[in-house]
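So the structure is just underneath, and the comments pick up after that.
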Amino acid sequence: MELSEDKVKRVQEVLGSYWAINRITAKHAEQNALSLGLSLQQMAIINILYTRPDYTIDDLKKKLFTSTEVITANVNGLVHGRLVEKLNTAFVENADAWRLQLTDKGREMSERSTQNAFAYKAMMKALEELDDEEIDKLIEINHKIEKLLKTD
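Numbering-wise (the UniProt record's numbering), the sequence shown opens with residue 1 and increments by one.
Okay, structure coming up:
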């Protein structure tokens, strides 16, 4: 594939727009987490556990693309805050295999994070400026790009 200056510039524009959107939505997600007294990683963990009870440390590590140590530290903070409980620690020595479950307080916190989702609210506001046809086309193009990137 020939990389002409024009092609490189177009790739930079496309990637730059995705990165800018990602930075903005990440900032909104972080605001949401901080408003709940959580780190962004902790909020992600409780939201994952809300939809996938009995996930393990290893499952979270793979889902969040991070190390056992980072996940364990975040989970320990959530356990200390009585948002998460470890289920099988007496039977399993390997921390990666510990099963995790939200407490009632953790489920409530996850529901609050969804209701207060600043990133969703910001995106809804932005999408109100587009008509349905533009939104459908945007989704279609993004799905197509995702599919093409996965095949390479």
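Where is the CB? At the ideal position from N, CA and C, for every residue including glycine. Being a predicted model, the structure only gives us computed values, none of them experimental.
CB of Asn74 within 8 Å of CB of Ile48, strictly: no
Validate contact between the region 22-35 and the region 105-118 using beta carbons, cut 8 Å, 3 pairs: yes
Beta bridge counterpart(s) of Val84 as assigned by DSSP: Here Val84 is bridged, per DSSP, to Leu102.
Thr66, DSSP secondary structure in three states: The answer is coil: DSSP assigns Thr66 none of H, G, I, E or B.
Per DSSP, cross-strand counterpart(s) of residue 238: The structure shown does not extend to residue 238, since the chain spans only 1 to 152, so no value can be given for it.
Pairwise C-alpha distance: Leu40 and Asn22: C-alpha separation (whole angstroms): 14 Å.
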